[in-house]
Structures are given as structure tokens and as C-alpha cells.
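Number of protein chains: 2
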Amino acid sequence: MTKQERAARTREALIRSAAREFDEHGYALARLSAISTGAGVSPGALHFHFENKPAVAAAVEQEASNALRRAARLVHRQGANALQNLADTTHALARLLREDIVVRAGYRLSCSRGCRTDLNLRQEWQSCVQQRLAEAADEGLLAGGHGGQQNLVRTVVAATVGLEALCRDNPEWLAPGTVTGMWRALLPALAAPAVLADLEPAGNASVPAARAPVA
Amino acid sequence: MTKQERAARTREALIRSAAREFDEHGYALARLSAISTGAGVSPGALHFHFENKPAVAAAVEQEASNALRRAARLVHRQGANALQNLADTTHALARLLREDIVVRAGYRLSCSRGCRTDLNLRQEWQSCVQQRLAEAADEGLLAGGHGGQQNLVRTVVAATVGLEALCRDNPEWLAPGTVTGMWRALLPALAAPAVLADLEPAGNASVPAARAPVA
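Residue numbers (numbering that gives the first Met the number 0), protein chains in the order written: chain P, 0 to 214; chain A, 0 to 214.
Encoded structure:
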């Protein structure tokens, strides 16, 4: 293993350890000493990679953002229609939030106050929902009677952000069955009657995970 | 003013000051000294009313719970059908969360980890949604095609919890227009076609505030 490879591995171990520490104690109470210990390295090694706590948090957020974007891109490449794509993306993101501590911690850091980077993962998700529903409108997939596409965007964003918030107390809220149930309830409001029967609220099972699950 | 009245006023001022401190800094970083200063009383006066920080937080949560329950009861007394009642209740709670710092801080404390009392305001809200939708089913108001009432309950709970979570960054998410837009999008999924036209997504404007707005 070259020196560069070792440095990359140490950095990754630090990010994962930091994610665990932020997940357990929150940003304010997370300790750098616990992060280096958790990664099995010295405090000096941590400071070689990260100047301070905000820099560690920014790296966790950046990793989470990369993973979420990659997952959305992979779903998009499946080429399903825009509404199915939206449901599939939600399932893929829920899976990442359930299984990948770096994604979960990074998302939550990005949503909490007092720890701002240029990233805003909720804002990125809202843009994704907006884009998919605009495509769905272009493809003639949307139902009427909702008083404007913006109402649909906000409702989907609120419901999905709500699932993640509720999941902090009870992981069942991001379980595949719960996400499927939400789409079963929402699709009749979103989809034109003619396309409803072709949509699968449980998502397209062939969508791969964007990142190997991290314990 | 009797001694008892003065004590009650001091307690109320402390709860309001605590709500401001928790709202601004979060539970972990909130300081008792800032709470007593904010209420215009001595640290000794604070300790006369509250043993420690968890006790102050519990009092804020209890006040929030009382206000939210009172609001739900007032809406219920209006005697609208169960679906209209649910929309009206959401508007009343959104208003309290927007306008009353004690309700807002108490709700957030109750949803954050590491600060648990017996209260769980999200759980109370979920029970309320569940009850209204069960009544709506009894009254024959619900649409079909959603794969089970539980899917509707979870979707409404997720969407409303999501609005509150999103509101922390941008108050527009709990503005009357956003709540109305959510109901415009959701009601076609929830309500049987025959009753849809009679429902008012903007809520019944005659519903009174449950608590005077607090600055």
C-alpha cells in the first residue's frame, strides 16, 4: 500500500468515525478525541487531515451529498418515466439513510443549524423533486385538481423530509414498506388516472445501492 | 398582586425565556444563567421554580402540549366533518408553531433526543391524525385506492412533521398558503370524490387561536 493509499484510508476511517460520533451525540457535543480514537488513529493524524470540527463535519456532509447524488443518477439512468423515477429515487435515498451512517449523519448535519457549509442536502432534494415533477408534467403524467404543481412538489418534499425526521425516533419510518405505503397514498393524487396502474409504489427493485452498506 | 400571583408570573416569564434560549441555542448549549437573565430574575429565583435544566425543559414541553391539545379541542368543537376537522387542526397547529415561541421550542425539545419526558408531541399528533381518519372512514368520507388507512395516516403525519422540520430553515413552510397547498394536493388522495368539493383546504377561518400570540 502506498503512502497515498494509506492516507486515503485513514481519511475514510476518520469520516466514518466522525459520522458515528455526530450521529450519537449531535454536532455540539461531538468530541474530536472520540473521533480519532474511533478511527484507531492519533489526534495528530486527525489534525493532519482536518483542521477542526467544522472541517470534519463538512467532509461528512460532502460524502453524504456525493452518495445521494450518485444514487439519484443511477436511478435516473434506469430510464423509467418521471413519476416512477421519483418513487424509485425516494426508495434509494431511504435505503442509503437506513444503511449508511455517513449518509445519515451527513444529511442531519446539513439540516441542523450552526454548522453550515455551502451544501444543503434538503435543498438538493427539493430541486430533484421539482425537476422530476416538471418532467412528469411534460410527459403528461400528472393528475389535475391539486391547484398547481408547486403544491405537489412541496407535499412530496414535506412527506419525505418528515419520514427522515420521524425515523430518528423509530427506524420503521424509513422501512421499505413505509415508503411504499406513502407512494400508495400519494400517487393517486399525483398521477393521471390513465398512468396510475403502471406505476409501482414499491419502486423498481433492480435499482442498485449507490454505496456499499457501512456498518 | 398576591405572592402566589407573583410566583406564577415569574414561572411563566422563566418558561418563555427558556423557550427563547432553547430555540436559539438548542437544549445542549442552553444556559440557565441566560434563562434567568432573560426573565429578569436572579438565578436563585430560577432554582426556586426549577431544580435543573431538564426540569425547565419539561415545563416548556408541558406548556406546549397543553396549548396544542387545547387548540385541537377547540377545532373539534366546531363540529365539522372529520376530514375538514383534520385540515383545520393542521392550520391551528401551524399557527401556534409560527406564533408561539413556547409551543415551538416545546415541540422541538419533545422531538430531540437526550431530553425525554413522558411527553411525545409527535406521538400525540399521530394519534390525533389516526383518530380523525378513523372517524372519516366511519363517516364514509375516505377515497379508496390507497392500500389501507394506515398509509393515509403515515402520509399525513410525515407531511405535517416535514413542514415543521423544513420551517426551521425557512418559515414559509408553515405559512397558511403552504399548509393550504399541501391539503389541496392531499385531499384528492384522501377524500371520496363526492365529498371533495365540500372540503376547504384553507381551513375554517372561524377557528380561534388557542393561546394569545407570544412575541
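No residue lacks a Cβ here, since even glycine has one placed at the ideal position from N, Cα and C.
Identity of the residue in the options nearest residue i by Cα
| i | options | result |
| --- | --- | --- |
| P/A93 | P/L108, P/Q77, P/A66 | P/A66 |
| A/T9 | A/A27, A/Y26, A/L45, A/L28 | A/L45 |
| P/N51 | P/E62, P/S35, P/Q125, P/S64 | P/S35 |
| P/R167 | P/E23, P/A86, P/R15, P/L82 | P/E23 |
| A/E123 | A/G202, A/A7, A/G144, A/R72 | A/R72 |
| P/V152 | P/S64, P/L165, P/G78, P/A190 | P/A190 |
| A/H90 | A/T159, A/A54, A/A18 | A/T159 |
| P/G105 | P/L13, P/A81, P/A18, P/L95 | P/A18 |
| P/N203 | P/V102, P/N80, P/P187 | P/N80 |
| A/G146 | P/K2, P/P187, P/G146 | P/P187 |
| A/G144 | P/A7, P/A6, P/E11, P/L198 | P/L198 |
Contacting residues, own chain, Cβ-Cβ under 8 Å from residue i (five flanking each side not counted)
| i | result |
| --- | --- |
| A/P192 | A142 |
| P/Q148 | L132, A133, A136, L141 |
| P/L162 | A93, W172, L173, T177, V178, M181 |
| A/S41 | S35 |
| A/S64 | G105, S109, L118, L120, E123 |
| A/L185 | T154, V155, A158 |
| P/S217 | Given that chain P is displayed from residue 0 to residue 214, the structure contains no residue 217 of chain P and the question cannot be resolved. |
Per DSSP, cross-strand counterpart(s) of residue i
| i | result |
| --- | --- |
| P/L141 | P/A190 |
Cβ shell of residue i (< 6 Å), same chain only, five flanking positions each side left out
| i | result |
| --- | --- |
| A/A29 | E20, F21 |
| A/R183 | P200 |
| P/V156 | Q125, V128 |
| A/V194 | L140 |
| A/L165 | W172 |
| P/F49 | V55 |
| P/A12 | A38 |
| A/E4 | none |
Residues of its chain near residue i, where Cβ-Cβ distance is below 7 Å and the 5 sequence neighbours each way are ignored
| i | result |
| --- | --- |
| A/H75 | N84 |
| P/A214 | Only weak support exists for where P/A214 lies, its pLDDT of 40 falling under 50; the coordinates are left without a value. |
| A/M0 | none |
| A/F47 | none |
| P/G37 | S16, R19, E20 |
| A/I14 | A58, V59, E62, V101 |
| P/C6 | Checking the displayed sequence, the identity of residue 6 of chain P turns out to be Ala instead of Cys. Answer for P/A6: no residue qualifies. |
| A/E138 | N80, A81 |
Closer than 7 Å to chain C by CB, residue i
| i | result |
| --- | --- |
| A/G202 | Note that chain C does not occur in the displayed structure, where the protein chains are P and A. |
Problem - Near-chain P residues of the segment 177 to 188 of chain A - C-beta to any C-beta below 7 Å - result: Correct list: T177, G180, M181, R183, A184, L185, P187, A188.
Problem - Cβ contact (3+ pairs, closer than 8 Å) linking the segment 115 to 133 of chain P and the segment 123 to 133 of chain A - result: With the rule of 3 Cβ pairs closer than 8 Å, the segment 115 to 133 of chain P does not count as touching the segment 123 to 133 of chain A.
Practice task
Using a Cβ-Cβ cut-off of less than 8 Å, list which residues of the segment 139 to 154 of chain A approach chain P; keep chain order.
Solution key: The segment 139 to 154 of chain A vs chain P, Cβ under 8 Å: A142, G144, H145, G146, G147, Q149, N150, L151, R153, T154.
Handout entry: Residues of the segment 83 to 111 of chain A whose Cβ lies closer than 7 Å to any Cβ of chain P, in chain order
Key = From the segment 83 to 111 of chain A, no residue has a Cβ closer than 7 Å to chain P.
Exercise for the section: Indicate whether the contact test is met: 3 or more Cβ pairs, each with one atom in the segment 169 to 176 of chain A and one in the segment 55 to 72 of chain A, closer than 8 Å. Expected result: No, because fewer than three Cβ pairs between the segment 169 to 176 of chain A and the segment 55 to 72 of chain A fall closer than 8 Å, the two stretches do not touch.
Problem - Short-range partners of chain P found in the segment 7 to 40 of chain A, where Cβ spacing is below 8 Å - result: So the close ones are G25, A27, L28.
Handout entry: Residues, ordered as in the chain, of the segment 159 to 174 of chain P that lie near chain A by beta-carbon distance below 9 Å
Key = Listed by position, the residues of the segment 159 to 174 of chain P near chain A (Cβ gap below 9 Å) are T159, V160, G161, L162, E163, A164, L165, R167, D168, W172.
Practice task
Could you name the residues of the segment 127 to 139 of chain A whose beta carbon sits closer than 7 Å to any beta carbon of chain P, in the order they occur along the chain?
Solution key: So the list is empty, because no residue satisfies the distance condition.
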